[in-house]
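Protein chains in written order, with this note's numbering: chain A, 10 to 405; chain B, 1058 to 1341.
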């Protein structure tokens, strides 16, 4: 019974010490990792993709955890197995390697010769003493000074270079284990959350995983959000101006702090990263000036996005969409723009874009009504990733 | 003098170098071999100057960033690192002929960049506005380049091995094969190149994770590029461990090295072409 148990433990230990297991796990991980780069991963799975799948496929993928593959039990299991494998291999081999490094075998006996694959026999002429001196000198000049051992009339020369290099692999193994433990601790204690703040307002809680709200213990106010573009239309900067509030009062040193991509704000262990932006959902008011082509007084129009607004002559208009900078869409132009739709009774509705920086442009459209866009007081929201430092200090 | 002219001269030099390497294989003339690697090094020096000049040009245009920001610049840098790693291996192990299977990779890169990619100096998008860009890109590409060299050596291995088994393996190979190192040497060079590349790729992944944590608050988000870099890392880790166990040297190792480089290229280019994620090269 005991021997059987020992036999089982021994074979389990051998299993986890085997290099074949390491190689299988590494290649297995490489292969299965591909799945998650081909199948969209939660939480950003497009609706169309879900609809394109057959019911059986959908259920199968869901059962196998393919939609959140890197957190599925079997993927995590593979990572655990690799870690156990790594620890076991290191425990088994490190003492042996340590011995080779600290007290190398200086005697070249038959056993050692058998264990080496690169050996060469040379027949040399001359007496032992002068050969010894010659070989010692040769090794010292070409490789490294040898240790000379005389035993039973045989002379053994041992030379080595940078023996501690053999330990490098264990430094790498240890780093991987530390990273793995760090990831585990991080997933228990640290957390990721997200806040959305509308210009002029503040928040004191962040939305964590599974939509759980996390109290920050202070408030963050978005003073202003701005986005700028290069002439090419590529984005140049996304900037949130933030102020930290404690009990409603601004905290000195944390007033009007610009936060851009690659330059976050940290306060009391929480770090805020610029991550997204968009127009605030309540929408602002858009201002237009309108006149009829055939002449007449100018009319000022104010419209909320999506609302129908009455115009003179029974017409109505609404703002369909708007942007603070039109250059990514129309590279020749820049600045704010709004797409409006005008309904004239008995006619097809007209849809067109008016540009704030080009007040003369709408006249060229040739419509009965000529619009200029005077801008809006539309507000933006900024989306910030929030990370809380875990118990682990930063390693980098 | 503009950087683009210098890049054209570089491309030409690599072309000349490749042709000389082919002539070297055919003629077995040592002088031709010397000229072949000489042309590669001359091209590399000119390319170094061109990259520095392009860096300066970027400052003159008011953008002021290292020339590592879009697909064109990364392909050019990849070619530069390939010749650099080839040079290190050639200086150290003195097997010049390896260049015949490595310089074509650099030439392919330069030709594609010069003929097929838009070479304009563009300003940096917000995600790339960080000093981490430099460390991350340099380590990654040095790693990729070492894998390119290993792939070239593995192709040589397979050709040589096939030839040897066809001629009965008497080692007295004539003609082109005479210039190739022995299969044991090629197998070892393959391993040596990957031993250079693997730590560099590891550093590339680590600097990438550190940057991600600095900029987004998360070390790792399983973005397709990240995942593919890990896949490449797994493959080469398997390669290195497989060498310790017998039976995974030679042919199998050569195949694994070629598969590893194919995965590297997919990680570098395929992910951007076929999959979506955070690593688009400026979205062009």
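In this text, a Cβ means the ideal position worked out from N, Cα and C, and glycines have one as well.
Exposed or buried, residue i, counting other C-beta atoms within 10 Å across all chains shown (16 or more means buried)?
i: residue 1063 of chain B; result: buried
i: residue 42 of chain A; result: buried
i: residue 3 of chain A; result: Only positions 10 to 405 of chain A appear in this structure, which leaves residue 3 of chain A out of reach.
i: residue 47 of chain A; result: exposed
i: residue 69 of chain A; result: exposed
i: residue 53 of chain A; result: exposed
i: residue 24 of chain A; result: exposed
i: residue 137 of chain A; result: exposed
i: residue 219 of chain A; result: exposed
i: residue 1250 of chain B; result: buried
i: residue 116 of chain A; result: exposed
i: residue 18 of chain A; result: exposed
i: residue 58 of chain A; result: exposed
i: residue 1137 of chain B; result: buried
i: residue 405 of chain A; result: Since pLDDT at residue 405 of chain A reaches only 36, below the 50 mark, its modelled position is unreliable, and the value read off the structure follows with that caveat. Residue 405 of chain A comes out exposed.
i: residue 1148 of chain B; result: exposed
Leaving out five residues before and five after residue i in sequence, what residues of the same chain have Cβ atoms less than 6 Å from its Cβ?
i: residue 365 of chain A; result: 344, 345, 382, 384
i: residue 380 of chain A; result: 297, 299, 363, 371
i: residue 92 of chain A; result: 189
i: residue 1139 of chain B; result: 1162, 1163, 1202, 1205
i: residue 1130 of chain B; result: 1124
i: residue 239 of chain A; result: 245
i: residue 1066 of chain B; result: 1103
i: residue 1152 of chain B; result: 1238
i: residue 1328 of chain B; result: 1281, 1282, 1285
With DSSP as the reference, label residue i as helix, strand or coil.
i: residue 163 of chain A; result: strand
i: residue 298 of chain A; result: strand
i: residue 1058 of chain B; result: coil
i: residue 250 of chain A; result: strand
i: residue 1129 of chain B; result: helix
i: residue 7 of chain A; result: Because chain A is modelled from 10 through 405, residue 7 of chain A falls outside the range shown and cannot be assessed.
i: residue 1183 of chain B; result: helix
i: residue 112 of chain A; result: coil
i: residue 1332 of chain B; result: coil
i: residue 383 of chain A; result: strand
i: residue 255 of chain A; result: strand
i: residue 361 of chain A; result: strand
i: residue 1244 of chain B; result: helix
i: residue 346 of chain A; result: strand
i: residue 318 of chain A; result: strand
i: residue 332 of chain A; result: strand
i: residue 1188 of chain B; result: coil
i: residue 94 of chain A; result: helix
i: residue 127 of chain A; result: coil
i: residue 75 of chain A; result: helix
i: residue 84 of chain A; result: helix
Give me whichever residues DSSP pairs with residue i in a beta bridge.
i: residue 288 of chain A; result: A:389
i: residue 311 of chain A; result: A:296
i: residue 378 of chain A; result: A:301
i: residue 54 of chain A; result: Note: residue 54 of chain A sits in no beta bridge, so no partner.
i: residue 267 of chain A; result: A:250
i: residue 281 of chain A; result: A:274, A:395
i: residue 158 of chain A; result: A:165
i: residue 1196 of chain B; result: According to DSSP, residue 1196 of chain B bridges with nothing at all.
i: residue 352 of chain A; result: A:325
Only counting the same chain, and skipping five residues up and downstream in sequence, which positions put a Cβ closer than 7 Å to that of residue i?
i: residue 263 of chain A; result: 252, 253, 276
i: residue 121 of chain A; result: 114
i: residue 1340 of chain B; result: Any reading at residue 1340 of chain B must be qualified, since the residue scores a pLDDT of 33, below 50, and its modelled position is unreliable; no value is offered.
i: residue 368 of chain A; result: 381
i: residue 301 of chain A; result: 377, 378
Residues in its own chain within less than 8 Å of residue i by CB, not counting five upstream and five downstream?
i: residue 403 of chain A; result: Residue placement at residue 403 of chain A cannot be trusted, given a pLDDT of 44 that sits under 50; what the coordinates show is reported in the next sentence. Cβ neighbours of residue 403 of chain A beyond the five flanking positions: none.
i: residue 1270 of chain B; result: 1276
i: residue 1288 of chain B; result: 1320, 1324
i: residue 1193 of chain B; result: 1261, 1264, 1265, 1268
i: residue 257 of chain A; result: 228
i: residue 308 of chain A; result: 298, 299, 300, 320, 321
i: residue 145 of chain A; result: 154, 155, 157, 166
i: residue 172 of chain A; result: 109, 110, 113
Any beta carbon of chain D sitting closer than 9 Å to that of residue i?
i: residue 1192 of chain B; result: Absent here is chain D; the protein component of the structure consists of chains A and B.
(request) Jot down the residue ranges of each uninterrupted alpha helix (DSSP H) in the segment 1063 to 1138 of chain B, minimum 4 residues, whole runs only, in chain order. (result) If we require 4 residues or more, the alpha helix (DSSP H) runs fully inside the segment 1063 to 1138 of chain B come out as 1087 to 1117.
(request) Starting from the N-terminal side, write out each stretch of the alpha helix (DSSP H) that is 4 residues or longer and does not extend beyond the segment 171 to 253 of chain A. (result) Whole alpha helix (DSSP H) segments, 4+ residues: 177 to 198.
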